[in-house]
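First residue of the sequence shown? That's 1413 in the working numbering, and the numbers climb one at a time after it.
Backbone N, C-alpha and C define an ideal beta-carbon position, used for all residues, glycine too.
This one's a predicted model, so the numbers in the text were calculated from it and none came from an experiment.
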Amino acid sequence: LRFAPPAPVPGAFDLLRDALDLLAVTPGPAVDTVGLRMLWRLISLLGYSPILTHCAKDGVLVPDRQVAVFSFPEGGVLCPSCAAGVGGQGSRLAPDHREALTAFLEPSAALPALDGRHEAAHRRLLTRWVRWQLGSEHATPALDLFEQRPWETPQ
1413 LRFAPPAPVP
1423 GAFDLLRDAL
1433 DLLAVTPGPA
1443 VDTVGLRMLW
1453 RLISLLGYSP
1463 ILTHCAKDGV
1473 LVPDRQVAVF
1483 SFPEGGVLCP
1493 SCAAGVGGQG
1503 SRLAPDHREA
1513 LTAFLEPSAA
1523 LPALDGRHEA
1533 AHRRLLTRWV
1543 RWQLGSEHAT
1553 PALDLFEQRP
1563 WETPQ
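This is the structure we're talking about:
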């Protein structure tokens, strides 16, 4: 409840319903990737989408093929000069990871093809982003479970 804006968010219920319907028919190997997209889309719909093309601090264009620092406090990627001294408040985001994150946020983009290691990295990024936005370091069992292991489909 702390994550959602105070007013009703048009489309949030529909997005959640559609996401659950989509996950129900998604083949097992793609469940994690589809789940990541739907969670990032919901986060975006709530107004918490990260900035990925320009420096979140000074607005300078950050080239697509450049490793970027993803800053949780600043709200997205940083240019090299702003990234200096960020320390533990950021994560290095390789170009292919930034491309995948952009695809998760864009409903019309093709889903990225991620192996298990990269899916795990994206789960960690998403959970750190949500925790930062919530402003809470308190226990979040659902996020902990999501971060630690991929989604599974019933047999």
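**Request:** Just grab the DSSP bridge partners of Ile1463 for me.
**Result:** Gly1488
**Asked** To the nearest angstrom, how far is it from the Cα of Asp1433 to the Cα of Arg1449?
**Response** 14 Å
**Asked** Just to confirm, are Leu1517 and Ser1456 a CB contact at a threshold of 9 Å?
**Response** yes
**C-alpha distance - Thr1552 paired with Val1474, whole-angstrom precision** = 33 Å
**Request:** Helix, strand or coil for Ser1520, going by three-state DSSP, please let me know.
**Result:** Ser1520: coil per DSSP, three-state reduction.
**Message:** So, under 8 Å CB-CB, Pro1507 and Val1479 are touching, yes? Tell me the CB distance rounded to an integer number of Å.
**Reply:** Here Pro1507 really is in contact with Val1479; their C-beta atoms are around 7 Å apart, less than 8 Å.
**Message:** Suppose contacts are defined by Cβ-Cβ distances below 9 Å. Is Leu1537 in contact with Ser1483 by that definition?
**Reply:** No Cβ-Cβ contact shorter than 9 Å links Leu1537 with Ser1483.
**Message:** Going by DSSP in three states, Arg1561 sits in which element: helix, strand or coil?
**Reply:** In this structure, Arg1561 counts as coil in the three-state DSSP scheme.
**Message:** Taking 9 Å as the threshold (C-beta atoms), are Ala1468 and Val1489 in contact?
**Reply:** yes
**Prompt:** Tell me the DSSP bridge mates of Ala1480?
**Reply:** Leu1505
**Cβ-based burial, Pro1462 [other Cβ within 10 Å; buried from 16]** = Under a 10 Å Cβ-count criterion, Pro1462 is classified as buried, with 16 or more other Cβ atoms of the shown protein chains found around its own Cβ.
**Request:** Take the Cβ of Arg1477 as the centre, count every other Cβ of all protein chains shown within 10 Å, and call the residue buried at 16 or more, exposed below.
**Result:** Residue environment analysis places Arg1477 among the exposed positions, since fewer than 16 neighbouring C-beta atoms fall within 10 angstroms of its C-beta.
**Request:** Could you check what DSSP says for Leu1473 in three-state terms: helix, strand or coil?
**Result:** strand
**Prompt:** Given a threshold of 16 other Cβ atoms within 10 Å of its Cβ, counted over all protein chains shown, does Leu1513 qualify as buried or as exposed?
**Reply:** Buried.
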